[in-house]
Amino acid sequence: MKTMKIILALTLVIAMAVLAVSCGNDSDVPKGMQQIESEFVDYKFYVPSTWTVDKTSGFLSAYVPDDKSNVSMMTMTATRAYKDVGEYIDEYLTELENTYVGFEFIEAESLIPTAEKPKTGLTLGGNEAARLVYKIKIGDTTYKYMQVITASGYYIYTLTYTALIDKYDDHIEDINKIITEFKF
3 MKTMKIILAL
13 TLVIAMAVLA
23 VSCGNDSDVP
33 KGMQQIESEF
43 VDYKFYVPST
53 WTVDKTSGFL
63 SAYVPDDKSN
73 VSMMTMTATR
83 AYKDVGEYID
93 EYLTELENTY
103 VGFEFIEAES
113 LIPTAEKPKT
123 GLTLGGNEAA
133 RLVYKIKIGD
143 TTYKYMQVIT
153 ASGYYIYTLT
163 YTALIDKYDD
173 HIEDINKIIT
183 EFKF
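Structure (structure tokens):
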């Protein structure tokens, strides 16, 4: 009887330890980051733990509490078949230019290699990606954007970083980590 109580007590202690470890196990969440989750997405999106997750925007996003610089992740179903993400980006840039009077294109890292610009090796979640950087002036305020765009199946995934022009560089290190840690 005493042996049975000891075995039962040890089993209970081990079960509680396993439960405690498994409940607090965020081993797949990178150190210093938090996961923004939704049952409707097929990826893992991590942001710095010091950023505030925005649950009011209708898509996955977070912002820096001090200056409202933000990052968001959106998935769109392609309205037609694109031969590659580069073709989608060309169409998208034209749309931006036609929509925003204060649009100014800054740079792009393209999926399509040329003699002048070889393929960059940029990826998002292991998929080849393209990066766009541009500014838009709205009224007296200028915002700087970085978008990293990739495709998977019939979906186009766009990670967008937005900041006031003078705050943009303050969070580039965080944004690069967000891009690196993104997983499908």
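Each residue of the sequence shown is one higher than the one before, counting from 3 in our numbering.
Every residue gets a Cβ at the ideal spot worked out from N, C-alpha and C, and that includes glycine.
Alpha carbon to alpha carbon, what distance is there between residue j and residue i?
| i | j | result |
| --- | --- | --- |
| Tyr170 | Val150 | 15 Å |
| Tyr157 | Thr77 | 6 Å |
| Arg133 | Ser63 | 18 Å |
| Leu124 | Asp69 | 28 Å |
| Asn72 | Ile174 | 11 Å |
| Arg82 | Pro50 | 35 Å |
| Ala165 | Glu109 | 16 Å |
| Glu106 | Asp176 | 24 Å |
| Glu99 | Ser29 | 43 Å |
| Ile140 | Tyr147 | 13 Å |
| Glu89 | Tyr159 | 14 Å |
| Tyr145 | Met75 | 18 Å |
Considering only C-alpha positions, which residue in the set the options is nearest to residue i?
| i | options | result |
| --- | --- | --- |
| Gly104 | Tyr136, Phe61, Met78 | Tyr136 |
| Tyr163 | Phe42, Glu39, Val66, Ser29 | Val66 |
| Thr182 | Gly34, Glu39, Gln36, Tyr48 | Tyr48 |
| Ile91 | Thr152, Ser74, Tyr147, Val31 | Thr152 |
| Lys57 | Val87, Ser40, Gly88 | Ser40 |
Tell me residue i's beta-bridge partners as DSSP assigns them.
| i | result |
| --- | --- |
| Asp56 | Ser63 |
| Tyr159 | Thr77, Thr152 |
| Glu130 | Thr125 |
| Val135 | Glu109, Met148 |
| Val49 | Gln36 |
| Asn72 | Tyr65, Thr164 |
Under DSSP, the alpha helix (DSSP H) around residue i begins and ends at which residues?
| i | result |
| --- | --- |
| Lys185 | It is not in any alpha helix (DSSP H) - Lys185 carries neither H nor E in the DSSP assignment. |
Quick one: grab the DSSP three-state call for residue i.
| i | result |
| --- | --- |
| Tyr84 | coil |
| Glu99 | helix |
| Ile167 | coil |
Check for me: the beta strand (DSSP E) holding residue i runs from which residue to which?
| i | result |
| --- | --- |
| Ile38 | 35-38 |
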